[in-house]
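Step one of this worksheet: look at the structure below.
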Amino acid sequence: MKAGIDQYILQHDLGLGAIEELEGYLSPRELSRARSLRYSDDRLDYVCSILCLRVIVGRVLGVEPQNLNIVSSATGRPLIENETDTLHFSLSRGKGTTAIAISQDMDIGIDIERLSLCCGLSNYLDYFLSNEEKCHFVTVPPLLRDGYLCKIWTTKEAALKLLGLGLQLDPKNVVVDLSSLNRGGIQQITIGDTITYLSNMQIDDYSISLATPKPAQVKTTYLTASSLVEMVSSQFYPQCGNICVEGASRELCA
Ligand SMILES: CC(C)(COP(=O)(O)OP(=O)(O)OC[C@H]1O[C@@H](n2cnc3c(N)ncnc32)[C@H](O)[C@@H]1OP(=O)(O)O)[C@@H](O)C(=O)NCCC(=O)NCCS
């Protein structure tokens with residue numbers, strides 16, 4: 695695997711009938727979580743995201759997806775047993791989509807949200823915006839506000855995941871410079887004395903943020919769940935090879 699960060703965006707293009715087969719790739723803990731989900735759509739999103747994570751991380755390590763031992767830190771950060779210092783990754787689920795970032799160089803945090811589902815965020819300004827951010831936010835034209843909030847939300851969540859703290863850290867303490875949020879490129883955000891680097895992108899209806907401890911080169915690959923299923927069913931797994939992508943392909947193993 696080369697230096698930098700690989701970011702994968704997975705479209706969940708399988709029907710509900712695929713859930714049972716995909717459950718075969720899950721650990722007993724993941725399986726019990728999948729089965730505890732009330733709605734089939736959520737279960738499909740969950741099993742697709744875990745398959746994606748297991749295939750991507752598994753191919754980097756040369757391990758079959760179902761044999762990967764994924765554990766959680768006390769705060770919920772996912773880790774691979776015996777690889778905690780050598781392989782960094784982060785996962786986020788949107789409706790119908792999964793985003794995964796992986797790196798051998800640095801910690802990472804990723805978050806994805808569906809823009810069209812972010813309209814309710816304006817009811818929670820006091821929960822996740824600092825006073826300064828709120829003051830700036832009221833100057834944003836009303837038509838642009840949902841998109842703005844979605845981007846702030848994913849930015850803060852990505853930073854919370856990078857630090858591995860999740861909601862142990864108050865989202866209001868992740869300070870985003872709203873005036874630079876729409877400028878594009880990499881921006882800096884501060885959390886106490888810590889500086890974090892953020893890149894935001896919008897793909898179709900999704901807002902995606904990636905947080906890193908230093909500026910990083912990011913390569914994005916688009917996948918479908920069906921292409922992953924084809925790949926893991928192939929007799930060549932787990933050898934290195936091209937991962938199937940819509941319109942692009944690249945080597946997963948360096
Ligand atoms: C867990 C959290 C980090 C993100 O959760 P989320 O947005 O609901 O869900 P996502 O799909 O984006 O991310 C879930 C994944 O984050 C990862 N994650 C969870 N805790 C983590 C932590 N402490 N550090 C790093 N990654 C973590 C896990 O891989 C998790 O997947 P899993 O459920 O299969 O274990 C946390 O911020 C949370 O619970 N948020 C709830 C919403 C909220 O209040 N957000 C504040 C926004 S400013």
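The sequence shown runs 695 to 948 under the numbering used here. The beta-carbon is built from N, C-alpha and C at its ideal position, and this holds for glycine as well.
Could you check if residue 850 is buried or exposed, using at least 16 other CB atoms within 10 Å of its CB as the buried criterion?
-> Start at 1 with the first residue of the sequence shown, and residue 850 comes out as number 156. Of the other Cβ atoms in all chains shown, 16 or more fall within 10 Å of the Cβ of residue 850; this residue is therefore buried.
Assuming residue 821 contacts residue 834 (C-beta within less than 8 angstroms), just tell me the rounded distance between them.
-> Start at 1 with the first residue of the sequence shown, and residue 821 comes out as number 127. Start at 1 with the first residue of the sequence shown, and residue 834 comes out as number 140. Rounded, the Cβ-Cβ distance is 18 angstroms, inconsistent with contact.
Excluding the 5 residues preceding and the 5 following residue 897 in the sequence, name in chain order all residues of the same chain whose CB lies nearer than 7 angstroms to its CB.
-> In the sequence shown, counting from the first residue as 1, residue 897 sits at position 203. The beta carbon of residue 897 is closer than 7 angstroms to those of 703 in its chain, skipping five residues each way along the sequence.
The beta strand (DSSP E) enclosing residue 915, as first and last residue numbers = Within the sequence shown, the letter at position 221 stands for residue 915. Its beta strand (DSSP E) spans residues 912-918.
May I ask you to list the residues that DSSP assigns as paired with residue 803?
-> Along the sequence shown, read from residue 1 onward, the residue named residue 803 stands at position 109. Paired residues: 905.
Three or more C-beta pairs below 8 angstroms linking the segment 757-770 and the segment 796-810 | no
Stretch-stretch touch, CB-based, cutoff 8 angstroms, three pairs: the segment 813-831 with the segment 767-778 = no
Would the beta-carbon of residue 769 fall within 8 angstroms of that of residue 892?
-> Here residue 769 is taken as the residue at index 75 of the sequence shown, counted from 1. Here residue 892 is taken as the residue at index 198 of the sequence shown, counted from 1. Not a contact, by the Cβ cut-off of 8 angstroms.
Between residue 713 and residue 817, what straight-line distance do the alpha-carbon atoms span, to the nearest angstrom?
-> The residue labelled residue 713 in the question sits at position 19 within the sequence shown. The residue labelled residue 817 in the question sits at position 123 within the sequence shown. Near 34 angstroms, if we compare the C-alpha coordinates of residue 817 and residue 713.
In its own chain, which residues sit with a C-beta less than 8 angstroms from the C-beta of residue 899, not counting the 5 before and 5 after it?
-> In the sequence shown, residue 899 corresponds to position 205, counting from 1. Closer than 8 angstroms at Cβ, skipping near neighbours: 808, 809, 810.
Spatial neighbours of residue 727 in its chain, beta-carbon cut-off 8 angstroms, leaving aside the 5 residues before and after = The residue you call residue 727 lines up with position 33 of the sequence shown. Spatial neighbours of residue 727 in its own chain (CB-CB distance under 8 angstroms, excluding positions within 5 residues in sequence) are listed in chain order as 740.
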